[in-house]
Amino acid sequence: MTQPLDTPNFFVFDGLDGAGKSTQIVRFQQWLEAQGHAVTLCRDPGTTQLGERLREILLHSFETPISMRAE
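Numbering-wise, this note's numbering puts 10 at position 23 of the sequence shown, and it's gapless, one number per residue.
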């Protein structure tokens, strides 16, 4: 059974690549759900199919050469 919080909360995890943000987010999500709270995860960009593709391009742009005109 989930019970809503009186006031919705928004948590942000920020840090360097490889610092363990994803691991901590999953642990925090599991803990909140164990406490009976509903959790919605999102990442920016990446929540939609287009966002996922943009995220892929931004994170791995060094693998795909971009023409001078496109830049």
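All residues carry an ideal CB built from backbone N, CA and C; glycine is no exception.
Cα-Cα separation, residue i to residue j
i          : j          : result
residue 19 : residue 44 : 32 Å
residue 29 : residue 6  : 18 Å
residue 21 : residue 2  : 25 Å
Residue i (DSSP reduced to helix, strand or coil)
i          : result
residue 15 : helix
residue 38 : helix
residue -6 : coil
residue 3  : coil
Supposed close pair residue i, residue j - CB separation, criterion 8 Å
i          : j          : result
residue 36 : residue 26 : No, residue 36 and residue 26 are not in contact; Cβ-Cβ is about 22 Å, not under 8 Å.
residue -2 : residue 8  : About 11 Å separates the two Cβ atoms, so there is no contact after all.
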